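A.B. asks:
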Amino acid sequence: MDLTKRTPRSVKDKFAGVVMLGRTTDKARASQAGQLGEYDYNCGMDQGVFGFLGIDHEEYRNKASSIDDAQLEQWVRKEFAAKKTPAELDAWNAEFLQMAPEPGSDKETYFVGLRDAIDPTRTDITRWADLLDLDEGRPVPHATPA
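So my numbering is basically just the index in the sequence shown, starting at one, shifted up by 3.
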C-alpha cells in the first residue's frame, strides 16, 4: 500500500465489522513499507480502534504486513472482535463516526482551519470522518439542517 500515490480507505468503511480499521490497515502496511506519505500510523483515531479491540499497534502493523485482507479480517474477528457483542460493535461504530472536535477547543480551531482550506462552503461538515472523506475527494452529502 503506497500512500504517497493513493489514499487509504475511508473511515466509514468497515473491516472485520469495525469502522476505521480498513484505513488503519492501509496505514499499517504503508508504514511498514516506508510509503506512508502525509499519513500518520497510530494516530489518535487509530489508537481509538486499537483501544476498543485491545490490539497492540506494533503487532497489528506486523500482522497486516504479512497477510492479505481476508486473512487479517479473520484474525481480527477471531482474536479481538469476537470478544465484543454485535450491540457493542454497532454502538462503538456509531459513536466513532460521530466524533467531532469539542466546541471551543484547539482541535475545533484546527478542524475548521482544515475544512475551510479544503472547501469553505462546507460548514455543514462537523465530524472527523466527513472531513477526511472531503479532503480525500470522496463524496460527502450535505447535511440537512435540523
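Note that the Cβ used here is the ideal one computed from N, Cα and C, for glycine as well.
Since this is a predicted model, take the numbers as computed values, not measurements.
Considering just the uninterrupted stretch of the alpha helix (DSSP H) at Ala120, what are its terminal residues?
C.D. replies: Looking up residue 120 in the sequence shown gives position 117. Looking at the DSSP string, the run of the alpha helix (DSSP H) that includes Ala120 is 109–121.
A.B. asks: Under a CB-based cut-off of 7 Å, is Arg118 close to chain C?
C.D. replies: Absence of chain C from the displayed structure is noted, only one protein chain being present.
A.B. asks: For Thr112 and Leu39, what's the separation of their Cα atoms in angstroms?
C.D. replies: To locate residue 112, count along the sequence shown from 1; it is residue 109. To locate residue 39, count along the sequence shown from 1; it is residue 36. Going from the Cα of Thr112 to the Cα of Leu39 covers about 26 Å.
A.B. asks: For a test of the three-state rule: what should DSSP assign to Phe3, helix, strand or coil?
C.D. replies: What the structure shows of the chain is the stretch from 4 to 149, and residue 3 is not part of that stretch, so it cannot be assessed.
A.B. asks: What does DSSP give as the partner residues of Phe18 in its beta bridges?
C.D. replies: Taking the sequence shown and counting its residues from 1, the one referred to as residue 18 is at position 15. Answer is Val21, bridged to Phe18.
A.B. asks: Can you tell me whether Pro106 is buried or exposed? The criterion is at least 16 other CB atoms within 10 Å of its CB, across all chains shown.
C.D. replies: Translated into the one-based positions of the sequence shown, residue 106 becomes position 103. With fewer than 16 other Cβ atoms within 10 Å, it is exposed.
A.B. asks: Restricting to Cα atoms, I'd like to know which of Ser108, Lys15, Trp95, Pro144 is closest to Arg125.
C.D. replies: Here residue 125 refers to the residue found at position 122 when the sequence shown is read from its first residue. The shortest Cα separation from Arg125 among Ser108, Lys15, Trp95, Pro144 belongs to Pro144.
A.B. asks: Leaving out five residues before and five after Leu137 in sequence, what residues of the same chain have Cβ atoms less than 8 Å from its Cβ?
C.D. replies: Indexing the sequence shown from 1 puts residue 137 at position 134. Arg118, Ile121, Asp122, Arg125, Ile128, Val143, listed in sequence order.
A.B. asks: Give the range of the alpha helix (DSSP H) segment to which Gln74 is assigned.
C.D. replies: Taking the sequence shown and counting its residues from 1, one reaches residue 74 at position 71. That run of the alpha helix (DSSP H) goes 72–82.
A.B. asks: Count the other C-beta atoms from every protein chain shown that fall within 10 angstroms of the C-beta of Lys30, then say buried if there are 16 or more, exposed otherwise.
C.D. replies: Within the sequence shown, numbered from 1, the residue matching residue 30 stands at position 27. So Lys30 ends up on the buried side.
A.B. asks: Would you mind sorting Glu76 into buried or exposed? The rule is 16 or more other CB atoms within 10 Å of its CB.
C.D. replies: One-based indexing of the sequence shown puts residue 76 at position 73. Glu76 should be labelled buried.
A.B. asks: To the nearest angstrom, report how far apart Lys110 and Leu100 are at their CA atoms.
C.D. replies: Translated into the one-based positions of the sequence shown, residue 110 becomes position 107. Translated into the one-based positions of the sequence shown, residue 100 becomes position 97. Distance between the alpha carbons of Lys110 and Leu100: 17 Å.
A.B. asks: Does DSSP put Ala103 in a helix, a strand or coil?
C.D. replies: Start at 1 with the first residue of the sequence shown, and residue 103 comes out as number 100. Ala103 falls in the coil class under three-state DSSP.
A.B. asks: Glu61 lies in the alpha helix (DSSP H); which residues open and close that run?
C.D. replies: The residue given as residue 61 occupies position 58 in the sequence shown. Note, Glu61: alpha helix (DSSP H), 60–67.
A.B. asks: Given Ala103, which residues of its chain have a CB within under 7 Å of its CB, disregarding the five upstream and five downstream residues?
C.D. replies: For the purposes of this step, residue 103 is identified with residue 100 of the sequence shown, where counting begins at 1. Once the five neighbours on either side are set aside, the close Cβ partners of Ala103 are Thr129, Arg130, Trp131.
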